[in-house]
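K.L.:
One line per chain: the protein sequences are F and B, in this order. According to this note's numbering, the first sequence is numbered sequentially starting from 77. According to this note's numbering, the second sequence is numbered sequentially starting from 77.
2 protein chains.
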Amino acid sequence: MNALFIQNIGQLVTVDPARMTADNPLGMIENGAIRFENGTIAWVGSAIEINRVDYPNSQWMDAHGRVLLPGLIDSHTHTIFAGDRANEFEMRLQGKSYLEIAQAGGGILKTVQATRQATPEELSALTLQRLKRMLALGVTTVEVKSGYGLDFESELKCLRVLQALRAQAPVSLVPTYMGAHDIPPEYQGRTDAYVDQVCEVQIPVVAEQKLADFCDVFCEKGYFDVAQSRRILETARQHGLKLKLHAEEFCDLGGAKLAGELQATSADHLLHVSDDGIAALKAGGTVATLLPGTAFYLRIKEYAPALKLIAAGVPVALATDFNPGSCVIDNLQLIMALACLQMNMPPVEVIKAVTIHAAQALDLQHDRGSLTVGKRADAVLFDIHSYNELLYRVGSNLLTDVYVAGQHSSRQQLEAQLQPVT
Amino acid sequence: MNALFIQNIGQLVTVDPARMTADNPLGMIENGAIRFENGTIAWVGSAIEINRVDYPNSQWMDAHGRVLLPGLIDSHTHTIFAGDRANEFEMRLQGKSYLEIAQAGGGILKTVQATRQATPEELSALTLQRLKRMLALGVTTVEVKSGYGLDFESELKCLRVLQALRAQAPVSLVPTYMGAHDIPPEYQGRTDAYVDQVCEVQIPVVAEQKLADFCDVFCEKGYFDVAQSRRILETARQHGLKLKLHAEEFCDLGGAKLAGELQATSADHLLHVSDDGIAALKAGGTVATLLPGTAFYLRIKEYAPALKLIAAGVPVALATDFNPGSCVIDNLQLIMALACLQMNMPPVEVIKAVTIHAAQALDLQHDRGSLTVGKRADAVLFDIHSYNELLYRVGSNLLTDVYVAGQHSSRQQLEAQLQPVT
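(1) Whole alpha helix (DSSP H) runs in the region 460-494 of chain B with 4 or more residues, listed along the chain?
(2) Kindly list the residues whose CB is nearer than 8 angstroms to the CB of glycine 182 of chain B, restricted to its own chain and excluding five residues on each side of it in sequence; keep chain order.
(3) Establish whether the CB of tyrosine 468 of chain F and some CB of chain B are separated by less than 8 angstroms.
(4) Which bits of chain F does valine 404 of chain B rub up against, with CB to CB less than 7 angstroms?
(5) Count the other CB atoms within 10 Å of the CB of glycine 450 of chain B; is the residue buried (16 or more) or exposed (fewer)?
(6) Does the contact criterion of 3 or more C-beta pairs under 8 angstroms hold for the region 113-133 of chain B versus the region 397-411 of chain B?
(7) At a CB-CB cut-off below 9 angstroms, which residues of chain B make contact with serine 462 of chain F?
(8) Can you name the residues that DSSP bridges to threonine 116 of chain B?
(9) Can at least three beta-carbon pairs, one atom from the region 446-463 of chain F and one from the region 86-94 of chain F, be found at a separation below 8 angstroms?
(10) Span of the alpha helix (DSSP H) holding leucine 334 of chain B?
(11) Closest to cysteine 403 of chain B by C-alpha separation, out of F:Thr370, F:Tyr468, F:Thr396, would be which residue?
(12) Check each residue of the region 359-378 of chain F: if its Cβ is closer than 7 angstroms to any Cβ of chain B, include it; give the result in chain order.
(13) Is there a Cβ of chain F sitting closer than 8 angstroms to that of asparagine 127 of chain B, yes or no?
(14) Are the region 219-230 of chain B and the region 169-188 of chain B touching by the rule of at least three beta carbon pairs closer than 8 angstroms?
(15) Output the boundary residues of the beta strand (DSSP E) element that contains histidine 315 of chain F.
(16) Counting only beta-carbon atoms, is glutamine 87 of chain F nearer than 8 angstroms to chain C?
(17) Per the DSSP calculation, asparagine 248 of chain F is bridged to which residue(s)?
(18) Smallest Cα separation from alanine 415 of chain B: which of B:Met254, B:His345, B:Phe294?
(19) Give, in chain order, every unbroken run of the alpha helix (DSSP H) that is at least 4 residues long and sits entirely within the region 252-280 of chain F.
(20) Using 8 angstroms as the threshold, is the C-beta distance between alanine 335 of chain F and leucine 321 of chain F below it?
(21) Cβ atoms of isoleucine 149 of chain B and alanine 109 of chain B: under 8 angstroms apart, would you say?
(22) What number of angstroms, rounded off, separates the C-alpha of alanine 388 of chain B from the C-alpha of proline 381 of chain B?
(23) How many whole angstroms separate the CB atoms of leucine 309 of chain F and glutamate 325 of chain F, which I take to be in contact at a CB cut-off of 8 angstroms?
(24) Closest Cβ-Cβ distance between cysteine 416 of chain B and chain F: below 8 angstroms?
(25) Sort F:Gly214, F:Pro146, F:Asp301 by Cα distance to histidine 257 of chain F and report the nearest one.
(26) Does leucine 169 of chain B have its Cβ less than 8 angstroms from a Cβ in chain F?
(27) Please classify tyrosine 47 of chain B as buried or exposed, where buried requires at least 16 neighbouring CB atoms within 10 angstroms.
(28) Which residue from F:Ser350, F:Asp397, F:Ala190, F:Ile354 puts its Cα closest to that of proline 368 of chain F?
(29) Rounding to the nearest angstrom, what Cα-Cα distance links glutamate 125 of chain F and isoleucine 432 of chain F in this structure?
(30) Return the chain-ordered list of same chain residues with a C-beta closer than 6 angstroms to the C-beta of leucine 494 of chain F, the five sequence neighbours on each side being excluded.
(31) Considering only the alpha carbon of each residue, which of F:Asn100, F:Arg444, F:Lys384, F:Ala323 lies closest to alanine 481 of chain F?
(32) Name the residue from B:Val293, B:Gln278, B:Lys377, B:Ala312 whose alpha carbon lies nearest to the alpha carbon of serine 305 of chain B.
(33) Under a CB-based cut-off of 8 angstroms, is alanine 492 of chain B close to chain F?
(34) On a Cα-Cα basis, can you pick out the residue from B:Val456, B:Gly471, B:Leu417 that is closest to histidine 484 of chain B?
(35) Serine 472 of chain F: which of F:Gln193, F:Gly214, F:Ala201 sits nearest, CA to CA?
(36) Look up cysteine 291 of chain F in the DSSP assignment and give the residues it is bridged to.
Have a look at this one:
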């Protein structure tokens, strides 16, 4: 039996709904302790309840009064791609339009070309390095979408790389098929024909080969409209995939209503969600996944109505949206700061949004997202005295230790694994 | 002789004014190499010019095509203080006013109390840990202001701690005396009496004991007006201190004009600087030090007019303003991203703002701020392929190696020195 006790935890922030009260909104235990056995949380409580002699075969770790949280979860990323678009960044600062950038050889098609040309080994190495960077920031579960292949072969290549990484990466990886991320260059002006391809060719194979847990669609003006999005998601559901939707990022197209109606697991972005859309999310049990890094990176002055969604009783998750164009931010801690500073979210809601609500956005709330007996032993220790400090101190990675399925790594060990990609 | 050659530098970004051209605005050398001898830069050039056999006694390092920059310089911080104000952060998000926070025991006076009560040993340990975090982000020179003591004894205590750290910290430290950071509680309503104390008691001792290089004043409505600021700065100059000024953060009081007239080394903040103020800075040779982290952290929607200052020919520096209340951001790389995303500064100007212009803001441009023969061998290596990537990838610390006066530390070594403060 592999057993570990962590003692002397200044604040053990369980985020366990069963422990949450109005006075203790994160189910926090002061001077707490936690026991992991065989990768699972076996016991959670107050340090004074423990008699060390009762556990002769445990390993013991001293948290020195620091703060323990559930492993952070990044539930929306586009982490598998090749190439970079650093030159575009400067063009955007100069006020160049999307079209001008595309005409200069930039934009998403640049990433699609590089991703199509990359070998599985190259994609695997790039993605693994990115996942390790996220882990060194305390993220133990990462959703990753395909969608830079945009043809059958390249989408499958990306999803197979993700499947292989799922077994070998130091974080948990949740793969999402997103063939409908954009209209491929070969299908310009023929979106319906591409939707046929997605529904009739790609989804059946992705589902049969169990290459993804979720299907996601970019439902937006100029991309996939509500009817096309519905067709793709309904097909995906028939084939056993769970559903996500990029909705109302640039305008209120009705994606949130569709997501709620289909009881999608999450609807993401939501900058322009209407009151009807919010009601549909609530009725459908759909998580609202907000991505403030993208508005920040694109210098849009509007953000999703986080407080309104919370007030309506919709579970709000936060994620990076990490991708090579519109949000080159892989740091979930920075997204947490943006949620406070740009969306006015209170620290308590921000912490729920990257733990229990993020788990719900991946339909994994039974298994992770809180420090609850029986759940996977994913936890992160920070060198702070109160969880508020995690939001108060912006831009510092204060992580000291990570536990993934009960396996411990120190910050130094995580950093040492970040070999430069040269 | 202690000699080191770094070879195979993909982009050697010298930021050397003598190498800058319209086509090469950062004086960048592709496939560059650099030689350090006894803590100083001895040679800079193209890797192909080097014949390795000519240097039999050098140590050689391979940069693997990565990007080398001058060590970053954070020219405005308030890094020496005790205590934290994490609880206030949430109050501010809830819309509580400065007065309400102060009445609840928060605000700057909370930091003043904690700093007065702290022992020199405590202050030294806290400050050293913060400086090590900055170094792990590539910052090799840090200006630190006193100003949370606000009485003679406590100001001297802080400055003496800084003097001791100057000899032992792994970064270069530039101490600034800022007794006029706020009106001490003992002098409420008697600002002129405190200015007497600063001018007649504090400055002479600080100068005589060589406890600071600069004197700085918070010139702002409700703090020190232009006449009081002038009196303090003129006294400081008579005693041999160099001058800085916090100017036009909340309104256009005329601080920039004063700074320019006195030929202060820098004027800092400048959100509300007028055209006359800009002209005065230009005429006085005064660096404009912009602190976008503070507007971001305080959620002010206005930023300093960076592009206007640049267009007027004023050298623009960027710094963190790291402090426990209005900007709890110790990460200069994040400030660089904010400069792009919130102030529209091009990457080239951002890099100058944390190297050569930041050196000028500390009157150290003869000694550092560019990779120029004869300057101190402070340099930082990043795991990127072009310097644009440093701005494009937001929130990732891509540093791999630091050289401080020619002494090499790997990222892993820097992280290993970040012992948690428990």
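C-beta: ideal position from N, C-alpha, C; glycine also. Here the structure is a predicted model, which is why all the values come from computation and not from measurement.
P.N.:
According to the structure shown:
(1) Taking only runs of at least 4 residues, the alpha helix (DSSP H) segments lying wholly in the region 460-494 of chain B are 464-468, 487-492.
(2) Correct list, in chain order: Arg161, Asn163, Glu164, Met167.
(3) Chain B contact via Cβ: present.
(4) Contact of valine 404 of chain B with chain F by beta-carbon distance below 7 angstroms involves Tyr468, Arg469, Val470.
(5) Around the beta carbon of glycine 450 of chain B, a 10 Å sphere encloses fewer than 16 other beta carbons of the protein chains shown; the residue is thus reported as exposed.
(6) Taking 8 angstroms as the limit for Cβ pairs, the verdict is that the region 397-411 of chain B does not touch the region 113-133 of chain B.
(7) Near serine 462 of chain F (Cβ distances below 9 angstroms), the residues of chain B are Asp160, Ala162, Asn163.
(8) B:Glu113, B:Arg452.
(9) These segments touch.
(10) Start and end: 331-337.
(11) Nearest to cysteine 403 of chain B by alpha-carbon distance, out of F:Thr370, F:Tyr468, F:Thr396, is F:Tyr468.
(12) With the criterion set as a beta carbon lying under 7 angstroms from some beta carbon of chain B, the members of the region 359-378 of chain F are Phe372, Tyr373, Arg375, in sequence order.
(13) Chain F, which has no Cβ nearer than 8 angstroms to the Cβ of asparagine 127 of chain B, makes this no.
(14) At 8 angstroms Cβ cutoff, the stretches touch.
(15) Run containing histidine 315 of chain F: none; DSSP gives neither H nor E here.
(16) This model lacks chain C altogether; the protein chains it does include are F and B.
(17) The sequence given here places serine at residue 248 of chain F; asparagine does not occur at that position. Looking at the DSSP output, serine 248 of chain F sits in a beta bridge with F:Thr217.
(18) If you compare the alpha carbons of B:Met254, B:His345, B:Phe294 with that of alanine 415 of chain B, the shortest gap goes to B:His345.
(19) 267-273, all fully within the region 252-280 of chain F.
(20) Yes, the pair counts as a contact, with Cβ atoms nearer than the cut-off.
(21) It is not a contact, given that the beta carbons lie outside the stated cut-off.
(22) So the alpha carbons of these two residues sit roughly 11 angstroms apart.
(23) That pair is no contact at about 17 angstroms.
(24) Answer yes: the Cβ-Cβ gap between cysteine 416 of chain B and chain F drops below 8 angstroms somewhere.
(25) Just measuring C-alpha positions, the residue of F:Gly214, F:Pro146, F:Asp301 sitting nearest histidine 257 of chain F is F:Asp301.
(26) Yes, because at least one Cβ of chain F sits closer than 8 angstroms to the Cβ of leucine 169 of chain B.
(27) Beyond the ends of chain B as shown, which are 77 and 498, falls residue 47 of chain B; an answer cannot be given.
(28) The residue with the shortest Cα to Cα distance from proline 368 of chain F is F:Asp397.
(29) One C-alpha to the other measures close to 26 angstroms.
(30) Only Lys208 meet the Cβ criterion.
(31) Taking each of F:Asn100, F:Arg444, F:Lys384, F:Ala323 in turn and checking the Cα distance to alanine 481 of chain F, the smallest one comes out for F:Arg444.
(32) Cα-wise, what sits closest to serine 305 of chain B is B:Val293.
(33) Interface residue, yes.
(34) That would be B:Val456, whose Cα lies nearest to the Cα of histidine 484 of chain B.
(35) Nearest neighbour of serine 472 of chain F by Cα position, chosen from F:Gln193, F:Gly214, F:Ala201, turns out to be F:Gly214.
(36) Answer is F:Tyr253, F:Leu319, bridged to cysteine 291 of chain F.
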